[in-house]
Structures are given as structure tokens and as C-alpha cells.
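Numbering (this note's numbering), first residue to last: 98 to 177. Quick reminder that beta carbons are idealized off the backbone N, C-alpha and C, glycines included. Because the structure is a prediction, the values reported are computed rather than measured.
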Amino acid sequence: MGIVLPGAIAAKLIYPEKRVLAVTGDGGFMMNSKELETAKRLGIPIVVLIFNDCSYGLNMQRASGSKGTALKKQRSFCRH
């Protein structure tokens, strides 16, 4: 969890001619959001798509023993 943004930066450095899209959840993004500054400072153009589900989805998936992802109704504290 949290590897998407650093991974996208690495992918762009390895394949500079390719477009890179980082797709992550809000929890994973918050773990390495500071890497956006690194990408900006180094001039690494990437696009980041963040799914806001107000949870650490990977942890929930592992805790439930699920091999897939099931969307559940979020609690009211998630409403913005």
C-alpha cells in the first residue's frame, strides 16, 4: 500500500516517452503524497487518479480474507 505514486515516478523515469497514470486510493495516496513534490521538482509529468473511499482498502481486503474487492456502504464520518 502506498507504492503507486513512487512506482509511477519510477515508471516515467524508465520510460520517459510513455504517458503514466497512477491510480490509487485515498489511504494509499496519503502514505506517499509528498512524492508529488519530488515529481514536480524533477519535472516528471505524471497523472494521478485518486479514489476517495475513506478507507485503507488493502487492509480491509486482507483482514476479511477476500481475494477480490467488495464495495461496502461507508460510515457517515466519510461524508464531506
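One thing to note: L102 has its Cβ within 8 Å of the Cβ of A119. Taking the CA atoms as reference points, K109 sits about 16 Å from L146.
The closest CA to that of A136, considering only I100, A107, G99 and M98, is found on A107. Shown here for K115: same chain residues with a beta carbon closer than 8 Å to its own, the five before and five after excluded, namely A108 and K109 in chain order. In the DSSP assignment, V117 falls outside any alpha helix (DSSP H) and carries neither an H nor an E.
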